[in-house]
Amino acid sequence: MSNNRRRLAGALVLLMLLAPITNAATTSWAGPSTVNTSGGETTLTGFRAPGNATIMDGWAHITDSPMAASQTPGDVMDIFVLENGTASGTTTDYRNGNLTLVDDQSLNTITDFDRGNYSIVMNSDYDPGPEEIIRLKFENSSGYTPHLSCGGLKGYNLTSGYDDNKNGQLDPNEVIDTDYLCTTNQTVQGGNGRAQNGTVVNGSFQYTQLPLAEGDANCPFGGKSVTYGNDYGYYYDDDTSLNATETDGTLYYCNRDTYWAATNLDLGGTINGAEQTLSFGVIPAQASQGSVVMATKPGTGIGAGNDTWITIPSFSVPSYNLRNNYFLSFDHWYHLDGSNGGAWLEYRAGGDGNPWTWIATDGGYPSYIDSTNIDVNGAPTGQLPVFTGATHSGWQSETLNLSNLFSDPNLNNSVSVEFRFRVWTSSTSAVVPGLFIDDVKY
670 MSNNRRRLAG ALVLLMLLAP ITNAATTSWA GPSTVNTSGG ETTLTGFRAP
720 GNATIMDGWA HITDSPMAAS QTPGDVMDIF VLENGTASGT TTDYRNGNLT
770 LVDDQSLNTI TDFDRGNYSI VMNSDYDPGP EEIIRLKFEN SSGYTPHLSC
820 GGLKGYNLTS GYDDNKNGQL DPNEVIDTDY LCTTNQTVQG GNGRAQNGTV
870 VNGSFQYTQL PLAEGDANCP FGGKSVTYGN DYGYYYDDDT SLNATETDGT
920 LYYCNRDTYW AATNLDLGGT INGAEQTLSF GVIPAQASQG SVVMATKPGT
970 GIGAGNDTWI TIPSFSVPSY NLRNNYFLSF DHWYHLDGSN GGAWLEYRAG
1020 GDGNPWTWIA TDGGYPSYID STNIDVNGAP TGQLPVFTGA THSGWQSETL
1070 NLSNLFSDPN LNNSVSVEFR FRVWTSSTSA VVPGLFIDDV KY
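Our numbering puts the first residue of the sequence shown at 670, with every later residue one more than the last.
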């Protein structure tokens, strides 16, 4: 080996011996898993890096669960808590004097810190009741001549009601009201010659139906309007549409309130641990599982004189030899007005046409209410066992042994079953939160 090569090899060996050892590592979060600021500011040590290390990159994953004493909604985040970190015992040359943990969008995207620009819609598989959409139907599209309410002229019976059995039509037992719309007549004066002046002629009955949006002054939950009258244009100006003098009236048919909705419980209440206090009662601060629950009138409460329910999707009943550990389970939170309200579970085997029947969960019901004014099938005689209380229950878990239910000879051959949660309030009930349901399993 030449002297030059020996000198080069020696220099390389010496350089390797004198150079510091360099390696790469990941520094994990060294701070607490939760931070309670109590509404103020908190400084803490988040990451620790070895001496003489250069921080090349960093990121943080943050959840938005509501915490006690928080004065900031759970979906709002102050990004400056990440931008304005403090470099303790380090240099900041790599980021131009700033220690930053701002998401650069290359690895992560913060998606859970909405400022309210979202909507939550309940899955259409869950069916609230009673039916809220008003239906109209002429009892006889040809009318009746003579009509008893129309002075011997033709008249029409316009019926209205709600399709409570959900068969797609308005059945006679579902009719709530009937309006009588009449053909009228008048004496021709100054006509176009088709009828001599002084001749009594009948009008041409007409009507127009229009939808009403939610928030309408006459129908707060939406509905329909029907404007009706009798046209005489054939005898005057040949205008066959109703004008102001030919219109006899406008009727309003209103949808009912929808008492059930899905909610993420971001309702602006005062949060204390698992509880959220609103003006009318205490509701959950968070779901028992996941982020969304089903509830009666979330954010506004359910008032007096209501009988409402939510039906979960129908499911098949397995054959007898497969009914092992066959259960229905759910979590619920209730806050009603004591004896002025109650919630309970009902079932229907075999589909439409069969009656809904009251049923007790495995743990039973803790309270009783007067059932005199409640139409409920299958309940024990006397007072009705229900879930109720003038104070909130907190999240509770319930089960129903379906193997036992379908051991009944009358149900043993059932191939399908539906369940619904029913809530009733008396005519003197205060406005209360009602019922919250989550984590239904079967």
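By construction, the Cβ of each residue, glycine as well, lies at the ideal position given by its N, Cα and C atoms.
Keep in mind the model is a prediction, meaning the values are calculated, not measured.
Query: Residue(s) in a DSSP beta bridge with GLU1113; Result: As displayed, the chain neither begins before 670 nor continues past 1111, which places residue 1113 out of reach and without an answer.
Query: Pair within 8 Å by beta-carbon distance, LEU947 and GLY1103; Result: no
Query: Cα-Cα separation, THR828 to ILE845; Result: 8 Å
Query: Cβ pair TYR825, PHE807 closer than 8 Å; Result: yes
Query: C-beta contact flag for ASN899 and THR932 at 8 Å; Result: no
Query: For TYR989, the residue or residues it bridges with in DSSP; Result: Paired residues: none, contrary to the question.
Query: Three-way DSSP call (helix, strand, coil) for SER1083 in this model; Result: coil
Query: Option in ASN1042, TRP1013, ASP1021 with minimal Cα separation from SER1036; Result: TRP1013
Query: Distance, GLU1087 Cα to VAL951 Cα; Result: 30 Å
Query: TRP1064 versus ASP1108 - alpha carbon distance; Result: 11 Å
Query: PRO1054 in three-state terms, based on DSSP; Result: strand
Query: Proximity to VAL870 [Cα-Cα], best of THR877, TYR831, GLY860; Result: GLY860
Query: Alpha helix (DSSP H) segment containing SER1072, residue limits; Result: 1071 to 1074
Query: According to DSSP, residues forming a beta bridge with ALA931; Result: MET963
Query: Whole-Å CB distance - LEU920 paired with VAL895, under 8 Å assumed; Result: 5 Å
Query: Start-to-end residues for the beta strand (DSSP E) that takes in HIS1001; Result: 996 to 1004
Query: Candidates TYR1003, THR1050, GLN1052, GLY1022, of which the one nearest ARG1091 by Cα; Result: TYR1003
Query: Every unbroken alpha helix (DSSP H) within the region 1004 to 1056, with a cutoff of 4 residues, ordered by chain; Result: none
Query: Beta bridge counterpart(s) of LYS893 as assigned by DSSP; Result: PRO880, TYR922
Query: Given 8 Å, three or more beta-carbon pairs between the region 1008 to 1026 and the region 1038 to 1054; Result: yes
Query: ASP744 in three-state terms, based on DSSP; Result: Residue confidence is low: ASP744 scores 44 on pLDDT, short of 50, so the model does not pin down where it sits. No coordinate-derived value is stated.
Query: Limits of the unbroken beta strand (DSSP E) element including GLU944; Result: 944 to 947
Query: Between the CA atoms of SER818 and THR977 - distance to the nearest angstrom; Result: 36 Å
Query: Assigned secondary structure, GLU1067 (DSSP; H/G/I helix, E/B strand, else coil); Result: strand
Query: Spatial distance of PRO967 from ALA930 (CA atoms); Result: 7 Å
Query: First and last residue of the uninterrupted beta strand (DSSP E) at LYS835; Result: Here LYS835 belongs to no beta strand (DSSP E), and DSSP marks it neither H nor E.
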